[in-house]
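Below is one structure; the comments refer to it alone.
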Amino acid sequence: MSQFIKPRAPKGFRDFLPRAMLRRRYVIGCITEIFERFGFDPLDTPILELRETLFGKYGEDAEQLIFSAQHGRSASEPLAMRYDLTVPLARVVAQHESQLHLPFKRYHIAPVFRGERPQRGRYREFYQCDADIVGVAGVMADAEIVIMMQQILSRLGFPQFVIKINHRRLLTAIGAFSGLPADQLPDLYRSVDKYDKLGADGVRAELAARGIAEDAISRMMDLLQAHAPGTASLDQIEDALGKGENGLGELRELADLLAAAGVPAEHYDFDFTMVRGLGYYTGPIFETVISQPNLGSITGGGRYDNLIGMFRRQSLPTTGTSFGIERIIDLLDALDLYPAELGGTLVQALVTVFGADTRHESLRIAEALREAGINAELHLESRKLGRQIAYADRKGIPLVAIAGSEEISAGVVKLRRLADGYELFVDLEDIGYAAQALLAGS
RNA sequence: GUGGAUGUAGCUCAACGGCAGAGCACCUGAUUGUGGUUCAGGCGGUUGAGGGUUCAAGUCCCUUCAUCCACCCCA
Numbered sequence: 077m078s079q080f081i082k083p084r085a086p087k088g089f090r091d092f093l094p095r096a097m098l099r100r101r102y103v104i105g106c107i108t109e110i111f112e113r114f115g116f117d118p119l120d121t122p123i124l125e126l127r128e129t130l131f132g133k134y135g136e137d138a139e140q141l142i143f144s145a146q147h148g149r150s151a152s153e154p155l156a157m158r159y160d161l162t163v164p165l166a167r168v169v170a171q172h173e174s175q176l177h178l179p180f181k182r183y184h185i186a187p188v189f190r191g192e193r194p195q196r197g198r199y200r201e202f203y204q205c206d207a208d209i210v211g212v213a214g215v216m217a218d219a220e221i222v223i224m225m226q227q228i229l230s231r232l233g234f235p236q237f238v239i240k241i242n243h244r245r246l247l248t249a250i251g252a253f254s255g256l257p258a259d260q261l262p263d264l265y266r267s268v269d270k271y272d273k274l275g276a277d278g279v280r281a282e283l284a285a286r287g288i289a290e291d292a293i294s295r296m297m298d299l300l301q302a303h304a305p306g307t308a309s310l311d312q313i314e315d316a317l318g319k320g321e322n323g324l325g326e327l328r329e330l331a332d333l334l335a336a337a338g339v340p341a342e343h344y345d346f347d348f349t350m351v352r353g354l355g356y357y358t359g360p361i362f363e364t365v366i367s368q369p370n371l372g373s374i375t376g377g378g379r380y381d382n383l384i385g386m387f388r389r390q391s392l393p394t395t396g397t398s399f400g401i402e403r404i405i406d407l408l409d410a411l412d413l414y415p416a417e418l419g420g421t422l423v424q425a426l427v428t429v430f431g432a433d434t435r436h437e438s439l440r441i442a443e444a445l446r447e448a449g450i451n452a453e454l455h456l457e458s459r460k461l462g463r464q465i466a467y468a469d470r471k472g473i474p475l476v477a478i479a480g481s482e483e484i485s486a487g488v489v490k491l492r493r494l495a496d497g498y499e500l501f502v503d504l505e506d507i508g509y510a511a512q513a514l515l516a517g518s
């Protein structure tokens with residue numbers, strides 16, 4: 077035993093066996109389909125970026141989680157593994173702008189890496205599914221992102237979900253209104269973000285612990301907790317803050333557009349206690365939380381108009397969202413929301429082999445099935461028939477094609493459907509059609 | 001990074017400081033051309049690793065590694 081290396085993936089990194097892979101492919105397929113339906117085109121970028129591309133974008137804490145990736149003998153270019161897909165997007169836009177047409181709408185589904193301590197729903201390598209619109213400053217772009225989020229979450233079959241919407245400028249305005257110094261805004265964000273977990277009193281306590289004045293706390297808590305159906309909560313805030321560059325106008329416009337697009341009112345909600353952690357957001361922000369099994373947020377996004385300016389003289393307005401497919405998959409697992417036909421294998425038919433004298437015929441059967449578009453696996457060893465059928469059964473292959481000496485001398489193939497044991501004989505030239513019919517359940 | 005819990009067969013878990021076990025899975029046969037049920041048999045372990053206490057350690061102590069949970073942070 078000790079001569080073997082203990083088989084183990086690195087901490088926070090996972091293998092995906094076929095059954096899990098099929099589920100991932102299903103989820104990614106649903107999301108991709110709707111991204112494309114909304115006019116987004118695919119983009120991919122290297123897993124490694126120059127260290128200087130990533131650093132200075134995420135904040136000090138996050139930077140400590142970036143994996144560096146050095147090759148032993150070429151230390152000339154300091155490299156790091158990508159931490160998200162947003163900074164690579166900004167780099168690509170700045171680098172290839174002559175080849176892109178604005179507005180640039182791209183989606184990007186790829187693994188990213190963070191050196192966090194792993195936990196359920198949190199890994200060191202995980203996929204992000206991002207869709208972003210570069211070059212549009214107006215709320216139409218934000219509205220399209222939210223409309224698309226709503227369609228994807230519905231498509232995945234979540235019975236109930238709420239997209240929380242807030243606005244970064246509104247949070248800033250509330251802070252200013254309450255008399256909070258600008259340099260304490262990050263403290264405000266961090267504490268308010270825990271509202272769901274700590275409750276109003278917990279947030280008050282934490283703000284106080286951060287050294288924020290009592291009267292400022294109570295003034296802003298009243299505003300942050302404003303909650304009323306539809307745009308009524310916006311009215312409450314406006315009564316206190318008045319009109320101005322506080323994001324309220326954009327949120328009203330957003331509500332108007334969502335309603336016009338037919339987004340059901342129960343699927344979105346203005347929630348002034350929702351804060352996105354990342355510092356680069358500048359406008360409307362979005363987040364979806366599903367609370368049944370609590371795995372944290374499954375989507376996150378918003379407007380970040382200044383990020384591209386890190387790579388380019390003039391920035392470009394950008395808005396977008398990210399789907400956390402690892403958590404979505406964990407939720408679909410828990411709620412069992414996969415379509416029934418999603419099994420453990422893609423193989424639709426197993427072609428049995430009796431022995432050396434019949435294997436030519438088995439090869440021809442497999443080929444006939446494949447020509448008919450059926451995923452056919454040829455049994456590569458001539459074990460006894462019961463073993464071969466048992467193999468198909470355990471693997472979840474629905475059909476077995478049998479051609480022993482009896483069938484061969486009669487010029488036919490026997491097809492057996494394992495679900496109900498139904499069998500029929502067909503000519504080789506009809507096998508594709510017959511197999512299709514059996515798979516369809518007739 | 002901080003705190004807590006847990007590591008025994010491929011998997012889920014038992015075993016008072018006293019011979020390491022069960023269920024499931026796997027393999028073989030009953031059934032030489034028919035799976036899922038049943039029956040019989042079989043394979044499978046340096047109890048995560050290292051050290052200590054003891055006549056004796058899976059069990060107690062220390063160290064270390066890993067996993068899970070909470071915090072921090074996030075998808």
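Numbering-wise (our numbering), the first sequence opens with residue 77 and increments by one. Quick reminder that beta carbons are idealized off the backbone N, C-alpha and C, glycines included.
Cα-Cα separation between residue i and residue j, rounded to whole angstroms
i	j	result
G320	P118	38 Å
E437	R470	25 Å
E192	G472	37 Å
L261	S230	35 Å
R113	T397	16 Å
S78	R200	For S78, the pLDDT reaches just 41, beneath the cut-off of 50, and the residue's location in the model is therefore unreliable, leaving the point undetermined.
L126	A85	26 Å
R352	Y134	13 Å
Q140	P164	18 Å
G385	E173	13 Å
N242	G318	17 Å
M237	D412	The identity of residue 237 in the sequence shown is Phe, whereas the question assumes Met. Each residue's Cα considered, the two are about 16 Å apart.
S485	E457	22 Å
D381	Y356	8 Å
A479	V488	8 Å
T358	V365	21 Å
G132	D409	37 Å
G233	Q512	28 Å
A336	L491	54 Å
I142	R190	6 Å
F387	E128	11 Å
Residue environment, residue i, which counts as buried when at least 16 other CB atoms sit within 10 Å
i	result
N322	buried
A304	exposed
E136	exposed
D160	buried
D91	exposed
S267	buried
P393	buried
G278	exposed
Q204	buried
M97	exposed
R149	exposed
H184	buried
E483	buried
Proximity winner among the options, relative to residue i (alpha-carbon distances)
i	options	result
T162	F189, R244, D208 and R286	D208
I223	A495, R149, R403 and A331	A331
L176	H147, R158 and F116	F116
L504	P474, A444 and G449	A444
Q390	H343, Q171, H147 and T375	Q171
T121	R182, L426, K87 and E282	R182
M296	L264, V423, R167 and P154	L264
G400	L93, F430, F89 and V103	V103
According to DSSP, residues forming a beta bridge with residue i
i	result
E201	F189
K460	DSSP, once it has assigned bridges, lists no residue as partnering K460.
T397	A207 and G377
P86	In the DSSP output, where bridge partners are listed per residue, P86 has none listed.
F362	I241 and G377
K181	I209
V476	L426 and R492
A513	DSSP output for A513 lists no bridge partner at all.
Y357	Note: Y357 sits in no beta bridge, so no partner.
Contact set for residue i: own chain, Cβ-Cβ below 7 Å, skip 5 residues either direction
i	result
M216	L333
E447	G508
F202	P187, V188 and E402
Other residues of its chain near residue i: CB distance less than 8 Å, five sequence neighbours each side excluded
i	result
L494	I465, A468, D469, I473, P474, L475 and V476
L310	L324, L327, R328, A331 and F346
L371	R196, G197, R403, D406 and L407
C106	I228, R231 and L232
P415	Y102
Distance cut-off 7 Å: residue i Cβ against heavy atoms of the ligand ADP
i	result
T358	For the structure depicted, the ligand ADP is absent and the ligand set is empty, with no information on it obtainable.
Residues near residue i by beta carbon distance below 6 Å, same chain, minus five either side
i	result
G420	R95 and G472
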